[in-house]
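Here's the structure, in structure tokens; my notes come after.
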Amino acid sequence: MPSNVTTLEISKYIATAEELARQSGLTLTMGDDFKEYIGITSRLPGKSPTYPNFHPDCSDLQPGRAFWIVGRDGEQKVAHVQAMRLDNISNTSLAEHLRSLRACFADPGLRAGVGSACSCDAPTAHSITGLVAYRGDLWLREDFRGRGLMAFLGRLAFGLAWSKWSPDFIYGLVAGWYIEKGIADRCGYRHREPHGALLRLPAQGIDDDDWLVWLTRDDLLTMLLRPSEMADAWREHTGDSGPSPDSRSASC
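Counting from 1, position 167 in the sequence shown corresponds to residue 166 in this note's numbering; the numbering is continuous, with no gaps.
Take a look at the structure:
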């Protein structure tokens, strides 16, 4: 397996994803002010409220340890959001991190509320440790769905996470339909197990039984060395047989 990727390779990967977004009608911006982010996501019709993981009133989202991505259409209306955060769980496991509710709250005892609990029955979660990046709060406006955007939106976030943090693992927690419809595959996740987080937060109206999806460090490095796979997956979904963003950039 590859041991690293160069700055040039990761730059090429991110540029490929950004160009695919542009071709799909999205202009992407990135930030780390989560008060601003909540101000954006709270006004999106049809989007469920942002979970405590990415809410500055609940989690310690320090600059350099978390970021968000927002995509806007040609009229500058928000059409996509997602966010990522980094946690150092070198002294514990992902299973325990989830059970403790520290994945959601900086201080669970103070913030979680009565009746809050989380269990994790995904076997691999007990061996996931180190620097772990969590990706969540994914939303895509209805008129942009079914157009193959998942082929690069997830991979863009993964590339940015590597350039910032070089994590040992990237994980997500997703509903069963996300698995059934193949969205996890299109996003680039390589592994999945059910019952990754049985999360109950009564104060927030949350009662979930989510799958754990993840990438190892080796999975991520292999992916980042193959930007053409991202473009191929997008073209396969859209039926576009034209040159990839790589070849257009290289010919300029």
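Where is the CB? At the ideal position from N, CA and C, for every residue including glycine.
**OP:** Evaluate contact between the stretch 203-215 and the stretch 117-125, counting only Cβ atoms and requiring at least three cross-stretch pairs below 8 Å.
**Re:** The stretch 203-215, when compared against the stretch 117-125, does touch it at the 8 Å Cβ threshold.
**OP:** Return helix, strand or coil for residue 246, following the three-state DSSP convention.
**Re:** For the purposes of this step, residue 246 is identified with residue 247 of the sequence shown, where counting begins at 1. Bear in mind that a pLDDT of 29 at residue 246, under 50, signals an unreliable position, so the number given afterwards is only what the model happens to contain. DSSP places residue 246 in helix when its eight states are reduced to three.
**OP:** Report buried or exposed for residue 113, applying the criterion of at least 16 other Cβ atoms within 10 angstroms of its Cβ.
**Re:** Walking along the sequence shown from the start, residue 113 turns up at place 114. Residue 113 should be labelled exposed.
**OP:** Could you spell out the range, first to last residue, of the alpha helix (DSSP H) harbouring residue 107?
**Re:** What you label residue 107 is simply residue 108 of the sequence shown in a count that begins at 1. Residues 107-110.
**OP:** Tell me, to the nearest whole angstrom, how far the beta carbon of residue 88 is from that of residue 29; I am working on the premise that it is less than 8 Å.
**Re:** As a first step, residue 88 must be located in the sequence shown, where it is residue number 89. As a first step, residue 29 must be located in the sequence shown, where it is residue number 30. Wrong, their Cβ atoms sit about 25 Å apart, outside the cutoff.
Original post:
Fully enclosed by the stretch 124-163, which beta strand (DSSP E) runs are 3 residues long or longer?
Top reply: Listed in chain order, they are 129-139.
Original post:
Any idea which residues DSSP pairs residue 182 with across the strands?
Top reply: The sequence position of residue 182 within the sequence shown is 183, counting from 1. Residue pairing for residue 182: DSSP places it in no beta bridge.
**OP:** Determine the burial state of residue 52: buried for a count of at least 16 other Cβ atoms within 10 Å of its Cβ, exposed for fewer.
**Re:** Within the sequence shown, residue 52 is the residue found at index 53, counting from 1. By the 10 Å Cβ count, residue 52 comes out buried.
Original post:
Of the residues 194, 159 and 186, which one's Cα is nearest the Cα of residue 151?
Top reply: If you number the sequence shown from 1, residue 151 lands on position 152. Out of 194, 159 and 186, the CA that lies nearest to the CA of residue 151 is found in 186.
Original post:
Should residue 31 and residue 105 be called a contact, given that it needs their Cβ atoms to be closer than 7 Å?
Top reply: Here residue 31 refers to the residue found at position 32 of the sequence shown. Here residue 105 refers to the residue found at position 106 of the sequence shown. Here residue 31 is not near residue 105, since their CB atoms are 7 Å or more apart.
Original post:
Of the residues 97, 164 and 139, which one's Cα is nearest the Cα of residue 23?
Top reply: Counted from its first residue, the sequence shown places residue 23 at position 24. Considering only alpha carbons, the answer is 139.
Original post:
Is the beta carbon of residue 184 less than 7 Å from the beta carbon of residue 49?
Top reply: Counting from 1 along the sequence shown, the entry for residue 184 is found at position 185. Counting from 1 along the sequence shown, the entry for residue 49 is found at position 50. With respect to the 7 Å criterion, residue 184 and residue 49 are not classified as neighbours on the basis of their beta carbons.
**OP:** Go ahead and pull the three-state DSSP assignment for residue 194.
**Re:** For this step, residue 194 is matched to residue 195 along the sequence shown. Correct three-state label for residue 194: strand.
**OP:** Tell me where the beta strand (DSSP E) around residue 70 begins and ends.
**Re:** Counted from its first residue, the sequence shown places residue 70 at position 71. Following the DSSP letters along the chain, one finds residue 70 inside the beta strand (DSSP E) bounded by residues 65-71.
Original post:
What span of residues does the alpha helix (DSSP H) with residue 5 cover, start to end?
Top reply: Position 6 of the sequence shown, counting from 1, holds the residue named residue 5. Where residue 5 is concerned, there is no enclosing alpha helix (DSSP H), because DSSP gives it neither an H nor an E.
**OP:** Indicate the three-state DSSP secondary structure (helix, strand or coil) for residue 168 in the structure shown.
**Re:** If you number the sequence shown from 1, residue 168 lands on position 169. Strand.
Original post:
Where DSSP assigns a beta bridge to residue 87, which residues make up the other side?
Top reply: Position 88 of the sequence shown, counting from 1, holds the residue named residue 87. Residue 87 pairs with 130.
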